[in-house]
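Number of protein chains: 2
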Amino acid sequence: MYLETILVLSHKNAQVRSIDIVDALNFKKSSVSVAMKKLRENGYIEMDGEGYITLTKKGRGIAETMLERHTLISDWLIYLGVDKTIAVEDACRIEHVISPESFEAMKKHVEEAKQ
Amino acid sequence: MYLETILVLSHKNAQVRSIDIVDALNFKKSSVSVAMKKLRENGYIEMDGEGYITLTKKGRGIAETMLERHTLISDWLIYLGVDKTIAVEDACRIEHVISPESFEAMKKHVEEAKQ
DNA sequence: ACTATTAGTTAGGCAAGCCTAACTAATAGT
DNA sequence: ACTATTAGTTAGGCTTGCCTAACTAATAGT
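Which chain is which? The protein sequence lines are A and B, in order.
Heads up: take any position in the first sequence, counting from 1, add 6, and you land on this note's numbering.
Heads up: take any position in the second sequence, counting from 1, add 6, and you land on this note's numbering.
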């Protein structure tokens, strides 16, 4: 969730700080601060002296996986007629629980169905 | 999760006790005991003197919703070529996070696609 | 200079949902 | 009768992931 948000923010913002994540996710500063600490400790992100956040290779990989899942699942739900807001919320939750196998199968299916 | 398990067990077992749920879910007795207490307190199940469990109307409704979701999602993933074990595990998690809107859209799509 | 705002931190709380450990109570085996 | 097994309970622990509260430190407004 956090990694994906950082990736998305880095696309449109040039630089990403904790406060941007706070605004994006509507969480509290303290929650984000603690989460960033953990991501730092586990080597998913790096933070420079001014608090600017960059994804490590490891973190970027996960972020990209999540973003791909999110995009495909929400697009697909929207394509099926689901309201966009709901589709995005559902994709957000499904992307975290679906296995790589199921996602790949779904991806293949969606790509075929859309043609 | 628990309600759905109770419904499935009641189909094949005539009577359902906590221990049956322990075996079905591979949880510990204490976890199931605590969970049953909460379900009882919130009016989802009833337990008689011998510990036999029945779903209330409220509990049955939720159990049936979950089971329908579970069945449709896992069947669909299997249909897409996902290994059955993985499909069932994924369905288990997705059924709890998908909205009614998305599920209905998906159901419609799956029914059409299968013909 | 003084104050307000902004960014970030730590500490402690709380709920969910699992666990182990220690217990009661009833039934079954010999 | 005594013991082992089976079913169930309570208490307390742990992790995740959010929260509020109280704090530091730096920047901006007048």
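Backbone N, C-alpha and C fix where the C-beta goes; we use that ideal spot for every residue, glycine too.
Since the model is a prediction, treat every value here as computed from it, not as a measurement.
Whose CA, out of B/Lys35, B/Ser108 and B/Arg66, lies closest to the CA of A/Thr91? B/Ser108
Rounded to whole angstroms, what's the CA-CA distance from B/Glu70 to A/Tyr58? Just pull it up for me. 49 Å
List the whole-angstrom C-beta distance separating B/Leu78 from B/Val116, where the pair is believed to meet the contact cut-off of C-beta under 8 Å. 6 Å
Between A/Leu31 and the rest of its own chain, which residues show a CB-CB distance below 7 Å, the 5 nearest in sequence each way excluded? Thr11
Could you name the residues of chain B that A/Ile107 contacts, counting a contact when the two beta carbons are closer than 7 Å? In the sequence under discussion, the amino acid at residue 107 of chain A is Glu, which differs from the Ile named in the question. What A/Glu107 touches in chain B: Val88, Asp89 and Ile92.
Under the three-state reduction of DSSP, which class applies to A/Met7: helix, strand or coil? coil
For a contact defined as C-beta to C-beta under 7 Å, what are the partners of B/Leu83 on chain A? Ser108 and Ala111
Is A/His76 closer than 9 Å to A/Glu110 when the C-beta atoms are compared? no
Should A/Val40 go down as buried or exposed, given a rule of 16 or more other Cβ atoms within 10 Å for buried? exposed
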